[in-house]
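Residue 73 in the working numbering is what sits at position 50 of the sequence shown, and the numbering runs on without skipping anything. We put the beta carbon where it would ideally sit given N, CA and C, even for glycine.
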Amino acid sequence: MSDDLDLRERHGLCNLMLGLGPDAPTLCGDWTAFDLAAHLSVRERNPLSAPGILFGGPFEGFTEALMAREQKRGFEAVVARVRNPPPGPLSIPAVRSAMSLIEFTVHHEDLRRPNGLGPRNDIDDLNEAIWQKIKQLSGLILRRARIGDISLQLHATGAVDSSHRVGKGSRVVEIRGPAVELLLYLYGRQASAEVETIGEDDDVATAADANFGI
């Protein structure tokens with residue numbers, strides 16, 4: 024069940040953080056594993072971090088200050104806080120899953136990929152759950168993307184084997200791969216997502232550079 028999958032991703036990420044150490048690189052720009060842990064901790068434990076996470080800009084500096092203060096606890100302590108969600112709404116499995124499954128799946132891969140760990144082959148249940156999330160959020164995918172008359176034909180391969188059209192553009196880019204790889208593509212990790220893209224070269228290039236909305 025997806026209510027358990029978010030915990031599996033959370034714990035898998037925390038275990039990997041401890042295994043790789045605080046200075047391990049991530050796909051999140053200059054962030055290290057320690058920075059990523061601090062981000063996840065303040066995201067769940069300090070509502071004041073939300074504007075900087077969601078909107079950036081003038082709020083970003085304040086959120087960075089919250090992360091720096093969190094890091095004073097030490098790497099292992101921060102990872103322990105990430106491993107154990109705080110009391111409140113996150114103690115309700117359905118709420119926790121809704122808030123955390125995508126976040127922890129993406130960040131788990133953010134830490135895996137630059138550290139020599141490729142796509143996982145034993146996550147059919149996760150791929151199925153992520154595919155449902157992608158379809159639910161499809162209305163947001165093109166929200167910020169400036170891709171003109173291009174629509175996306177997403178095809179989840181493997182155990183899911185299902186397609187979903189996003190947008191009404193007449194120029195179609197088909198993106199094929201396991202659902203977790205599609206998620207990475209739609210979360211700005213196009214260069215690291217192991218997918219197959221099919222379409223006119225210019226359209227494929229536009230999609231690869233797009234800032235999608237989820």
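Ser120 sits buried, since 16 or more C-beta atoms from the chains shown fall within 10 Å of its C-beta. According to the DSSP assignment, Glu217 belongs to no beta strand (DSSP E), since it is labelled neither H nor E.
When secondary structure is reduced to three states using DSSP, Glu223 falls in the coil class, being assigned neither helix nor strand. Put simply, the stretch 139 to 153 does not touch the stretch 163 to 178. Fewer than three CB pairs are less than 8 Å apart.
Put simply, the backbone Cα of His62 is about 9 Å away from that of Glu93. Judged by DSSP secondary structure, Arg212 falls outside any alpha helix (DSSP H); it is assigned neither H nor E. Contiguous alpha helix (DSSP H) elements confined to the stretch 154 to 193 occur at 161 to 164, taking only those with 4 or more residues.
By the C-beta density criterion, Gly190 is buried, having at least 16 other C-beta atoms within 10 angstroms. If you check the CB distance, Cys37 and Arg106 come in under 9 Å. Just so you know, the alpha carbons of Asp53 and Leu59 end up roughly 10 Å apart.
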